[in-house]
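Visitor:
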Amino acid sequence: STPRFVKIVECGVRDGLQNEPNTVSVETKLELLERLANAGLRAIESGAMVSKKAVPQMATTAEVLRGLKPHTGVAYPVLVPNVKGLENLLQLLKSIKEGDGGREAVDEIAIFTAASDSFNKANTNKSVADSLIELEKVTQLALDYKLRVRGYVSTVITCPFEGKVRPKRVKEVGKALLDMGCYEVSLGDTVGTGTSETVTALMDEVAIALPMNKIAVHNHDTYGMAVANVLTALKYGVRTVDSSVAGLGGCPFSPGATGNAATEDLVHALHGAGYETGVDLRKLVATGEWISEVLGRRNESRAGRGWSAR
Ligand code: HMG
Ligand code: MG
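Position one of the sequence shown corresponds to residue 15 (this note's numbering), numbered consecutively onward.
1) Can you tell me whether N137 is buried or exposed? The criterion is at least 16 other CB atoms within 10 Å of its CB, across all chains shown.
2) Taking DSSP as the reference, what is the three-state secondary structure of F175?
3) Going by the C-beta, is D279 closer than 6 Å to any heavy atom of the ligand MG?
4) According to DSSP, simplified to helix, strand and coil, what is E303?
5) Buried or exposed: T86, going by 16 or more other Cβ atoms within 10 Å of its Cβ?
6) Give the DSSP-derived three-state secondary structure of S15 in the structure shown.
7) From K66, V40 and P91, pick the residue whose C-alpha is nearest to that of D256; which is it?
8) Check whether the Cβ of V241 sits closer than 6 Å to any heavy atom of the ligand HMG, and report yes or no.
9) May I ask you to list the residues that DSSP assigns as paired with V167?
10) Can you tell me whether C173 sits near the ligand MG, meaning its C-beta is under 6 Å from at least one heavy atom of the ligand?
11) Would you tell me roughly how many angstroms separate the C-alpha atoms of G238 and K108, rounded to the nearest one?
12) In chain order, which alpha helix (DSSP H) runs of at least 4 residues are fully inside the segment 201-265?
13) What separation, rounded to the nearest whole angstrom, lies between the Cα atoms of G320 and C25?
14) Tell me the DSSP secondary structure of G61 in three-state form.
15) Contact between the segment 125-135 and the segment 179-196: three or more CB pairs below 8 Å?
16) Can you tell which of I123, L248 and E278 has the C-alpha that lies nearest to the C-alpha of L12?
17) I'd like to confirm something about C196: is its beta-carbon nearer than 6 Å to some heavy atom of the ligand MG, or not?
18) Straight-line CA distance for V164 to L201?
19) For the ligand MG, any of its heavy atoms closer than 6 Å to the Cβ of D235?
20) Across the segment 249-265 and the segment 308-322, are there enough close Cβ pairs to call them in contact, namely three or more that are closer than 8 Å?
21) For Y250 versus V20, is the C-beta distance shorter than 7 Å?
22) From which residue to which residue does the beta strand (DSSP E) around E24 run?
23) Any beta-carbon of chain B closer than 7 Å to the one on E150?
24) In terms of alpha-carbon separation, which member of K83, D114, G292 and Q32 lies closest to V64?
25) Excluding the five sequence neighbours on either side, which residues of its own chain have a C-beta within less than 8 Å of the C-beta of V199, listed in chain order?
Encoded structure:
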């Protein structure tokens, strides 16, 4: 891809819906996946093989993957927290008929850990060091099955429980994920506290040790800085950005954190700056309006509201 292309990883169906108070039907998730693919998104997280006690909204991931309508060239990564989650996923995919549902469409998983122990324990009941041991097993097994593995580091700016996080720690955890075989590492500002100053300090540190073409950013928009922080990261060569349509989402284990950068806001900013994304903003805006109405929430994308009022 050309240097002016930014790849968007759409997290609305996973990060976006994992925090919804009311159960979202499988039909709604499938329609959202379909609309996002039709809007030109080429990487769309489809769910998570996690404990339904921990995250009830992801309990229907198996049904979603059975019903998924594959699109050529669209990846549908699934979050996997441990070996058990990967085994469940592999078994599920095997039980789907060839050429059907997510059987071939899911060729990628996303694993996750953090730069702070307190958050990681709240999220997965493990210290960061222990989670890296588990995730190395997950990655090895996934690679054996020809699945690509994407890694997440959460709490890269602040931890909801420990406060400020050192950039050096983020770099170390990110390196561990790349070394174990992740093709890319996404840096999660889980709480959304980053500003141009703290993101610059983080990127300065990360760019010393890690190849920036393997780094993505995942900014929650709690304080309204998500898109601004993406623009800072782009200066360091980052060309993959995570976001959620209509600004859906939040992490159930990060109290008070709101959704990701809204995909509409991101696309509006990127196209305005001369980047290509392959996304049809008009279709995306309509999708954001539709899902907000279905969920009975305000559309959290300012660009989405602006464009749909024109
Ligand atoms: P645990 O209780 O430590 O697990 O949970 P365990 O191994 O002790 O097992 C306990 C029970 O869970 C057992 O069942 C296991 O079989 C079952 P029981 O014998 O009691 O009936 N179990 C599972 N069930 C389904 N799927 C599995 C699985 N593993 C064990 N994979 C665990 C550990 C990781 C499972 C749990 O803490 C969990 O599911 N956490 C999910 C956390 C999560 O999904 N968080 C949100 C996603 S991450 C995020 O949002 C951040 C991100 O967006 C980036 C950012 O914004 O920074 C990515
Ligand atoms: Mg997130």
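Note that CB positions come from ideal geometry on N, CA and C, so glycine has one too.
Guide: With the structure as the only source:
1) Residue numbering aside, residue 137 sits at position 123 when the sequence shown is read from its first letter. Per the 10 Å Cβ criterion, buried.
2) On the sequence shown, residue 175 is found 161 positions in, with the first residue counted as 1. Coil.
3) Looking up residue 279 in the sequence shown gives position 265. The answer is no for D279.
4) Residue numbering aside, residue 303 sits at position 289 when the sequence shown is read from its first letter. Looking at E303 - three-state DSSP - the assignment turns out to be helix.
5) Taking the first residue of the sequence shown as 1, we reach residue 86 at position 72. With fewer than 16 Cβ atoms within 10 Å of its Cβ, T86 is classed as exposed.
6) Along the sequence shown, read from residue 1 onward, the residue named residue 15 stands at position 1. Model confidence at S15 stands at a pLDDT of 49, short of 50, so the residue's coordinates are unreliable and nothing is read from them.
7) Counting from 1 along the sequence shown, the entry for residue 256 is found at position 242. For the residues K66, V40 and P91, the minimum Cα distance to D256 belongs to P91.
8) Translated into the one-based positions of the sequence shown, residue 241 becomes position 227. No, the Cβ of V241 stays beyond 6 Å of every heavy atom of the ligand HMG.
9) Counting from one through the sequence shown, the residue named residue 167 turns up at place 153. DSSP, once it has assigned bridges, lists T127 and L201 as partnering V167.
10) Residue mapping note: residue 173 aligns to position 159 of the sequence shown, counting from 1. No, the Cβ of C173 stays beyond 6 Å of every heavy atom of the ligand MG.
11) Within the sequence shown, residue 238 is the residue found at index 224, counting from 1. Within the sequence shown, residue 108 is the residue found at index 94, counting from 1. Answer to the nearest angstrom: the Cα atoms are 42 Å apart.
12) 210-223 and 240-248
13) Numbered from 1 along the sequence shown, position 306 holds the residue referred to as residue 320. Numbered from 1 along the sequence shown, position 11 holds the residue referred to as residue 25. Cα to Cα, G320 sits roughly 22 Å from C25.
14) If you number the sequence shown from 1, residue 61 lands on position 47. The answer is strand: DSSP assigns G61 an E or B state.
15) yes
16) In the structure as shown, the chain begins at 15 and stops at 324. Residue 12 is therefore absent and cannot be evaluated.
17) Here residue 196 corresponds to residue number 182 of the sequence shown, with the count starting at 1. Not under cutoff, so the answer is no.
18) Position 150 of the sequence shown, counting from 1, holds the residue named residue 164. Position 187 of the sequence shown, counting from 1, holds the residue named residue 201. At residue 164 the sequence reads Arg, which differs from the Val that was named. C-alpha separation (whole angstroms): 11 Å.
19) Position 221 of the sequence shown, counted from the first residue, corresponds to residue 235. D235 Cβ: outside cutoff for every heavy atom of the ligand MG.
20) yes
21) Position 236 of the sequence shown holds residue 250. Position 6 of the sequence shown holds residue 20. In this structure, V20 does not lie closer than 7 Å to Y250 by Cβ.
22) Here residue 24 corresponds to residue number 10 of the sequence shown, with the count starting at 1. It spans K21 to E24 - the beta strand (DSSP E) in which E24 sits, taken as one unbroken run.
23) The structure shown has no chain B; it contains just one protein chain.
24) Here residue 64 refers to the residue found at position 50 when the sequence shown is read from its first residue. When only C-alpha atoms are compared, the closest one is Q32.
25) Here residue 199 corresponds to residue number 185 of the sequence shown, with the count starting at 1. For V199, where only same-chain residues beyond five positions count, the Cβ hits under 8 Å are R164, G165, Y166, V167, G188, L191, L192, L224, K228, I229 and A230.
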